[in-house]
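Chains P and B, in that order, are what the protein sequence lines are. Each residue of the first sequence is one higher than the last, beginning at 5 in this note's numbering. Each residue of the second sequence is one higher than the last, beginning at 760 in this note's numbering.
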Amino acid sequence: MEAFTTHTGIGVPLRQSNVDTDQIIPAVYLKRITRTGFEDALFAAWRKDESFILNQAPFNAGSVLVAGPDFGTGSSREHAVWALKDYGFKAVLSSRFADIFRGNSGKQGLLAAQVAQDDIELIWKVLENAPGTEVKVDLVSKTVECGNVVATFDIDDYTRWRLLEGLDDIGLTLQHEEDITAYEATRPSFKPKTIPAKVEAS
Amino acid sequence: MGKTLAEKVWDAHVVRKGEGEGANAQPDLLFIDLHLVHEVTSPQAFEGLRLAGRKLRRVDLTIATEDHNTPTLDIDKPIADLTSRTQIETLRANCREFGVRLHSLGDKEQGIVHVVGPQLGLTQPGMTVVCGDSHTSTHGAFGALAMGIGTSEVEHVMATQTLSLKPFKTMAINVEGTLRPGVTAKDIILAVIAKIGTGGGQGYVLEYRGSAIRALSMDARMTICNMSIEAGARAGMVAPDQTTYDYMQGRPHAPEGADWDAAVEYWNTLHTDEDATFDVEVDLDADTLEPFVTWGTNPGQGVSLSAKVPSPEDFGDENAKAAAERALSYMGLEAGTPMKDIRVDTVFLGSCTNSRIEDLRAAADIIRGREKDPKVRMLVVPGSARVRLEAEAEGLDKVFKEFGAEWRFAGCSMCLGMNPDQLEPGERCASTSNRNFEGRQGKGGRTHLVSPVVAAATAVRGTLSSPSDLESASTGTLTGIAV
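Here's what the structure looks like:
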């Protein structure tokens, strides 16, 4: 994973709450078996509407999405994060993220920064009054700047550390493989196993 | 101090405690007892293992099934949609390569991953269960800690059989009282979500408690836990009891002999201690609950079926007001319209929320001997091939077919329309599934989430209806579906 320290890019105000994962990427795009190439799928239904914000310059070149509360609700599809990244987004700001979406973002180097709704409103106003204004997101100081607005954001320390260092999760866990093996030895015999299958094959 | 059920299961799976305390604590490394896999969220994870030269650590704790893309008609023919077919074939190749047990389309054990795990007896109390699907919360009905994960975490579990997790907060959902006839588990959970909101459970594991929950069957408890994610929670749980054990016993992978006794002894410890405290408690009165239905485009936008479509002005919060306006416009509804005046085009009985045998029985009991509104199409999609066989053995397929419904093969189907079962733009559906998001069931489709008995009554009348709206002639069948 690429390390993330700071990013500065055009802010995109998305004045909407409950942006669910079916809006971020409709299910029909989940049939692909690759991890990249999802940029066309991002907000696919909404992008058919000319007035949608990503169909307007300079927002179509945006890289910081500023959304309403409860962003990323719904499905566990990591494709939602891949689509945002493939389009060019580096950070999403919202006052509240769905848990799984936030977790997936952290694994993929997309910064999900939790900003108070009052500050989101101020940033929306700046971006709407002066389209193309850049937003600076600084993970080191946990601050976001946009025009004359300076705000702090929340992110859990572990995710922040992994993002700053660009660390691979599986590699980190496998450093503790002995602990896993030791735990496995203590599991009771009544816990089920999938193999051998106790049903007839058909 | 005592522990909650969720804390007990968590503590029993800690491989390595994270350093630090409170907000600065590192995540714990938790062992995963069961990993369920399907075709949509696994190909990139298998590819990741392959690229890193890693093995799948515990194939004996992993099982795969085909569900999201599978057609529900002509299942003996090659899948017509090429990208769907490729995704299914990729799962088959990956399972062969890594040695994962797979139940493919056509197999008696194929079906929706959250229906298959419990019916095989692989889902048991006190386990940690994960799957690359948000409705993994379903398995919490057994007192398991079960949660949906993303593809990176799927790969992590494949490689290590563990997950790094930050401890959750706990929320008790106390449902006391007795449900009236025609009111079901689906109505409980829709009412809970309307009460706490789609973000209300965020950061929490929910525990459903109280006399109304204890009275529910396992199928009904699964319906409730299934939709925990729609309240934003990572997991929902019900403490195991005799109902759980009766469901488990004799299932293919349930413990046997001395193992059964040892398991029950352990399972009996899996309840929240009397002196334990929850971070939050929410109460719901089962006695006064009515059938519930959604009017908007998120599962929190629900009302009693006897109520009217709300007005954006009913909401104080500006965001909720704007969301309501947008939802009414998408749904093509006018504020103030009685919910029961809303006419539907389609009724969908299926999904991991409501496609189990009891759901099919409850719906069949309503429509038996009645006629379908001729303008309504009704799709019945059993949750698994096994449920379909069981229903056919009871003659339920005949009830549905005589009524004029389509009797399909198992899969996720119209819940998310990854297969050909989709709504047309503007088509309105009463659906027993879990999400009424814009376009979820097909581009431009309009979804009202309902219980199986409301779905059945709606298919009879053509408008959103509760079983009590049907003529009193055969309401005798309503007894027994109060759960």
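For glycine and all other residues, C-beta sits at the position ideal for the given N, C-alpha and C.
Check, Outcome
"Report back the beta-carbon spacing between valine 859(B) and alanine 823(B) to the nearest angstrom; my notes put them in contact at under 8 Å.", "5 Å"
"Out of curiosity, what's the CA-to-CA distance linking aspartate 26(P) and glycine 151(P)?", "32 Å"
"Going by the beta-carbon positions, is the gap between threonine 1142(B) and isoleucine 871(B) smaller than 8 Å?", "Position check: residue 1142(B) holds glycine in this sequence, whereas threonine was assumed. Their beta carbons are under 8 Å apart, which means glycine 1142(B) touches isoleucine 871(B) by this criterion."
"Considering glutamine 1060(B), what are the terminal residues of the alpha helix (DSSP H) in which it resides?", "Unbroken run through glutamine 1060(B): none, as it is neither H nor E."
"Any beta-carbon of chain B closer than 8 Å to the one on lysine 111(P)?", "yes"
"For aspartate 1180(B), is the classification buried or exposed, using 16 other Cβ atoms within 10 angstroms of its Cβ as the cut-off for buried?", "buried"
"Say whether chain B places a C-beta atom closer than 8 Å to the C-beta of lysine 94(P).", "no"
"Determine, using beta carbons only, whether leucine 1048(B) and alanine 903(B) come nearer to each other than 8 Å.", "no"
"Can you say whether glutamine 1001(B) is buried or exposed, counting buried as having 16 or more other CB atoms within 10 angstroms of its CB?", "exposed"
"Looking at the unbroken beta strand (DSSP E) that takes in glycine 13(P), where does it start and where does it end?", "10–18"
"Using the Cβ count rule (16 or more neighbours within 10 Å means buried), how would you classify lysine 197(P)?", "buried"
"Please report the Cβ distance between valine 944(B) and alanine 979(B), rounded to the nearest whole angstrom; I am assuming they are in contact, meaning their Cβ atoms lie under 8 Å.", "Per the sequence shown, the amino acid found at residue 944(B) is alanine instead of valine. Indeed they touch by this definition, with Cβ atoms about 4 Å apart."
"What's the C-alpha gap between tyrosine 1089(B) and glycine 1055(B)?", "8 Å"
"Starting from the N-terminal side, write out each stretch of the alpha helix (DSSP H) that is 4 residues or longer and does not extend beyond the stretch 809–888 of chain B.", "841–857 and 872–878"
"According to the neighbour-count rule (16 or more other Cβ atoms, all chains shown, within 10 Å of its Cβ), is leucine 922(B) buried or exposed?", "buried"
"Beta-carbon of phenylalanine 157(P) versus every beta-carbon of chain B: anything under 8 Å?", "no"
"Measuring only between beta-carbons, confirm whether valine 203(P) sits less than 8 Å from chain B.", "yes"
"Answer with buried or exposed for threonine 40(P), where buried requires no fewer than 16 other C-beta atoms within 10 angstroms of its C-beta.", "exposed"
"Let's test the definition: count the other Cβ atoms within 10 Å of the Cβ of lysine 94(P) and tell me whether it reaches 16, buried, or not, exposed.", "buried"
"Using the Cβ count rule (16 or more neighbours within 10 Å means buried), how would you classify glycine 1235(B)?", "Per-residue confidence for glycine 1235(B) stands at a pLDDT of 43, beneath the threshold of 50, marking its modelled position as unreliable; the derived number appears in the next sentence. Glycine 1235(B) should be labelled exposed."
"Which residues mark the beginning and the end of the alpha helix (DSSP H) in which isoleucine 988(B) is found?", "Run containing isoleucine 988(B): none; DSSP gives neither H nor E here."
"Helix or strand or just coil, what does DSSP make of histidine 83(P)?", "helix"
"For threonine 845(B) and chain P, any beta-carbon pair shorter than 8 Å?", "yes"
"I'd like to know if the stretch 884–899 of chain B and the stretch 781–796 of chain B are in contact, where contact means that at least 3 CB-CB pairs between them fall below 8 Å.", "yes"
"So with Cβ pairs under 8 Å, would you call arginine 1194(B) a contact of chain P?", "yes"
"Chain P partners of glycine 907(B), CB-CB under 7 Å?", "Ser80 and Ile104"
"Would you call the stretch 148–167 of chain P and the stretch 17–36 of chain P touching, i.e. three or more CB-CB distances under 8 Å?", "no"
"Tell me the DSSP bridge mates of phenylalanine 1051(B)?", "Ser1063(B)"
"Any beta-carbon of chain B closer than 8 Å to the one on leucine 115(P)?", "no"
"Terminal residues of the continuous alpha helix (DSSP H) containing lysine 767(B)?", "764–770"
"At 4 residues or longer, what runs of the alpha helix (DSSP H) sit wholly inside the stretch 1089–1173 of chain B?", "1116–1126, 1144–1152 and 1155–1162"
"Identify whether valine 203(P) lies in helix, strand or coil by the three-state DSSP scheme.", "coil"
"Inspect the CB distances between the stretch 907–919 of chain B and the stretch 1126–1146 of chain B and report whether three or more fall short of 8 Å.", "no"
"Cutting at 7 Å between CB atoms, please list the residues of its own chain near leucine 143(P), excluding the five before and the five after it.", "Phe8, Thr9, Thr10, Leu115, Arg164, Leu167 and Leu168"
"Once you ignore the five residues that flank threonine 882(B) on each side, which residues in its own chain have a CB closer than 8 Å to its CB?", "Leu793, Gly876, Val888, His898, Phe901, Ala903 and Ala905"
"Between asparagine 853(B) and lysine 35(P), which are expected to be in contact by the criterion C-beta below 8 Å, what is the C-beta distance as a whole number of angstroms?", "Between lysine 35(P) and asparagine 853(B) the Cβ distance is about 15 Å, and since that is not below 8 Å, they are no contact."
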